[in-house]
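Engineer: Before we start, here is the structure in question, set down as structure tokens.
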């Protein structure tokens, strides 16, 4: 009896330790190598996406908690309203002008001028749509054969140029929009029509970062999608080409700032240098990396156990 | 004394249950992902998605009237689908049987055909499937199928100023605002913390009663 009690207490203690790893909740700690580590923002226990523009970075949780980084500290945004619908999801995008869009179950929550407004996703958007905010006032949501575009207070559904499931969207303007998804699909909207481009892969492409008309990155990296793969592709303005990803782990994100290219895998951060990947060592165990983006001054990394890291790239 | 012993036994059972739940929660994501089945995939017009432990694929969605398309959406109308015969090996526990069951022979929909009944083939990449095609070329079949209603075309933009020339590859690329739709897997840290808090409350309660 006593042994059983001791065993249960030991197990419980281990669980307590496991869930309490890291520094104090909601604190940002400066560590070596230009890194700052923030843990356990109250509404952000499980960071699953980050998005950046020049000035700010945003991080979201599966449950819809959102925090903003202003270059020196993280602060939490008010709760997404009407929570009875749930605010679950992974989609997150911010426009260069600072409008933030968060997938919130079957809706998109838009944050602008200190207030949330809600947009309903059209039928066919799917469970995991790609969200892009390529310019001020512009919002595109890519789903199953559907591309929805914001028209005032509503999202209108249009033909996406393919019947395929689209899981990612990114662009630099309303006439330079990319979507990617099922079966290696890569579509480009030039403001007048869709063009299907040859990706050279049948992998599920789950991520896109469009840094310029001649600089777009796409990656697969969802290990539970079929076929399993970890592809990294680059668009140079003419064609997509396969780029060898950093070794050892699945790609989860690409961040571009000027001529600098950063790739996050589940296990580490790498910078492209002379057609090779140079690791950026993290000074602490940051757990499983889930997303990456870059402001003008910081690389921002979302990681497991509710951690958000920033690294100066000035 | 008996009451005190019963209380202690009850607390012990609660603690054991909590510890078991906590342990199960910390192990569950790994077990679940090892046994995950993707939902049905998106499919070409005239087809519906299916999935199992063996993977995902698209099969034809024949119909006689719109009522037959209630589950698939869209309407029942003449359409031409391109199919390829495939063999899908057993998935899940079936893959471990000795001898393994034979693969499932099935016609997979890989696209639509042109009006001349020529399969477009490479116009769309083939739908996701875990099986292997057993015929080298697709076959076009014309019949009534459930076909999704067409969506309008994205409005075109007014002619804009000429685009800037593409950056040279030798110089630094101008710094645009990089935007992305970033995804990752759902974590379970939040729920774990709730479990921890509940456990802590129970432990404190137990300690107080003992004292």
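Chains as they are written, first to last, in our numbering: chain S, 5 to 318; chain Y, -8 to 202. Cβ coordinates follow ideal geometry from the N, Cα and C atoms, glycine included. For clarity, every value in this text was computed on a predicted model and none was experimentally measured.
Is it true that the CB of residue 308 of chain S sits closer than 8 Å to the CB of residue 291 of chain S?
Structural biologist: Going by C-beta atoms, residue 291 of chain S is nearer than 8 Å to residue 308 of chain S.
Engineer: Does the region 73 to 90 of chain S come close enough to the region 106 to 121 of chain S to have 3 or more Cβ pairs within less than 8 Å?
Structural biologist: These segments touch.
Engineer: So what does DSSP say about residue 180 of chain Y, is it helix, strand or coil?
Structural biologist: At residue 180 of chain Y the pLDDT is 36, less than 50, meaning the model places this residue with poor confidence; the figure from the coordinates comes in the next sentence. Residue 180 of chain Y falls in the helix class under three-state DSSP.
Engineer: Taking a Cβ distance cut-off of 7 Å, strictly less, list which residues of the region 183 to 206 of chain S are near chain Y, in chain order.
Structural biologist: Within the region 183 to 206 of chain S, the residues whose Cβ lies closer than 7 Å to some Cβ of chain Y are 186, 187, 188, 189, 193, 195, 196, 206, listed in chain order.
Engineer: Anyone know if the C-beta pair for residue 244 of chain S and residue 214 of chain S falls short of 8 Å?
Structural biologist: No, Cβ-Cβ distance for residue 244 of chain S and residue 214 of chain S is not below 8 Å.
Engineer: Can a CB atom of chain S be found closer than 8 Å to the CB of residue 181 of chain Y?
Structural biologist: Because residue 181 of chain Y sits at a pLDDT of 37, beneath the cut-off of 50, its placement in the model cannot be relied upon, and the following sentence gives the value as read from the coordinates. Yes, because at least one Cβ of chain S sits closer than 8 Å to the Cβ of residue 181 of chain Y.
Engineer: Tell me whether residue 1 of chain S sits in a helix, a strand or coil according to DSSP, three-state version.
Structural biologist: In the structure displayed, chain S extends from 5 to 318; residue 1 of chain S sits before or after that span and is not available.
Engineer: Between residue 236 of chain S and the ligand MN, is there a pair consisting of the residue's CB and a ligand heavy atom that are separated by less than 7 Å?
Structural biologist: The ligand MN is not part of the structure shown, which contains no ligands of any sort.
Engineer: Where residue 162 of chain S and residue 146 of chain Y are concerned, what is the direct C-alpha to C-alpha distance, given to the nearest angstrom?
Structural biologist: Going from the Cα of residue 162 of chain S to the Cα of residue 146 of chain Y covers about 9 Å.
Engineer: Kindly indicate if chain Y contains any beta-carbon less than 8 Å away from that of residue 150 of chain S.
Structural biologist: Judged by the 8 Å Cβ criterion, residue 150 of chain S is in contact with chain Y.
Engineer: Consult DSSP for residue 46 of chain Y and reduce its assignment to one of helix, strand or coil.
Structural biologist: Residue 46 of chain Y: strand per DSSP, three-state reduction.
Engineer: In its own chain, which residues sit with a C-beta less than 7 Å from the C-beta of residue 187 of chain S, not counting the 5 before and 5 after it?
Structural biologist: Result list for residue 187 of chain S: 168, 206, in chain order.
Engineer: Quick one: give me the first and last residue of the beta strand (DSSP E) that residue 145 of chain S is part of.
Structural biologist: It spans 144 to 146 - the beta strand (DSSP E) in which residue 145 of chain S sits, taken as one unbroken run.
Engineer: Going along chain S, which residues have a C-beta under 9 Å from residue 99 of chain Y?
Structural biologist: Correct list: empty, because the minimum Cβ distance to chain S is about 13 Å.
Engineer: Measuring only the C-alpha atoms, how far is residue 45 of chain Y from residue 33 of chain Y?
Structural biologist: Whole-angstrom Cα-Cα distance: 17 Å.
Engineer: Based on DSSP bridge pairs, tell me the residues matched to residue 56 of chain S.
Structural biologist: Its beta-bridge partners are S:61.
Engineer: Given residue 184 of chain S, which residues of its chain have a CB within under 6 Å of its CB, disregarding the five upstream and five downstream residues?
Structural biologist: So the list reads 172, 190, 209, 212, 222, once near-sequence residues are dropped.
Engineer: Comparing the C-beta of residue 94 of chain Y with each C-beta of chain S, is any distance below 8 Å?
Structural biologist: Cβ-Cβ to chain S under 8 Å: no for residue 94 of chain Y.
Engineer: Scan the region 229 to 276 of chain S and note each continuous beta strand (DSSP E) run of 3 residues or more that stays entirely inside, going in chain order.
Structural biologist: Segments of the beta strand (DSSP E) lying fully in the region 229 to 276 of chain S: 236 to 239, 244 to 246, 255 to 261, 264 to 269.
Engineer: Exposed or buried, residue 108 of chain Y, counting other C-beta atoms within 10 Å across all chains shown (16 or more means buried)?
Structural biologist: The residue is exposed, with fewer than 16 neighbouring Cβ atoms inside 10 Å.
Engineer: Say whether chain C places a C-beta atom closer than 8 Å to the C-beta of residue 33 of chain Y.
Structural biologist: No chain C appears in this structure, whose protein chains are S and Y.
Engineer: DSSP three-state label for residue 81 of chain S, please.
Structural biologist: In the structure shown, residue 81 of chain S sits in coil (DSSP, three-state: anything other than H, G, I, E or B).
Engineer: For residue 41 of chain Y and residue 241 of chain S, what's the separation of their Cα atoms in angstroms?
Structural biologist: C-alpha separation (whole angstroms): 37 Å.
Engineer: How far does the beta strand (DSSP E) with residue 101 of chain Y in it extend, from its first residue to its last?
Structural biologist: Counting along the chain, the beta strand (DSSP E) containing residue 101 of chain Y begins and ends at 95 to 103.
Engineer: Taking Cβ positions only, does residue 167 of chain S come closer than 8 Å to chain Y?
Structural biologist: By this cut-off, residue 167 of chain S is an interface position.
Engineer: With a CB to CB cut of under 6 Å and the five nearest residues on each side skipped, what residues in its chain are close to residue 99 of chain S?
Structural biologist: Cβ neighbours of residue 99 of chain S beyond the five flanking positions: 137, 140.
Engineer: Evaluate contact between the region 266 to 283 of chain S and the region 29 to 44 of chain S, counting only Cβ atoms and requiring at least three cross-stretch pairs below 8 Å.
Structural biologist: They do not touch, by the three-pair rule.
Engineer: Would you tell me roughly how many angstroms separate the C-alpha atoms of residue 165 of chain S and residue 106 of chain S, rounded to the nearest one?
Structural biologist: Straight-line Cα distance between these residues: approximately 24 Å.
Engineer: Mind checking whether residue 78 of chain Y and residue 96 of chain Y have CB atoms under 8 Å apart?
Structural biologist: For residue 78 of chain Y and residue 96 of chain Y, yes; Cβs fall inside 8 Å.
Engineer: Answer with yes or no whether the minimum CB distance from residue 162 of chain S to chain Y is below 8 Å.
Structural biologist: Interface residue, yes.
Engineer: Can you give me the Cβ contacts of residue 281 of chain S inside the same chain, cut-off strictly under 6 Å, excluding the 5 residues immediately before and after it?
Structural biologist: Hits under 6 Å: 250, 274.
Engineer: How about residue 68 of chain Y: is its C-beta nearer than 8 Å to some C-beta of chain S?
Structural biologist: Chain S, which has no Cβ nearer than 8 Å to the Cβ of residue 68 of chain Y, makes this no.
Engineer: Determine, using beta carbons only, whether residue 153 of chain S comes closer than 8 Å to chain Y.
Structural biologist: Answer yes: the Cβ-Cβ gap between residue 153 of chain S and chain Y drops below 8 Å somewhere.
Engineer: Assuming contact is defined by CB atoms lying nearer than 8 Å, are residue 306 of chain S and residue 53 of chain S in contact in what I supplied?
Structural biologist: A contact, by the Cβ cut-off of 8 Å.
Engineer: Whose Cβ in chain S lies nearer than 8 Å to the Cβ of residue 141 of chain Y?
Structural biologist: Result: 163.
Engineer: From which residue to which residue does the beta strand (DSSP E) around residue 137 of chain Y run?
Structural biologist: Element bounds for residue 137 of chain Y: 130 to 138.
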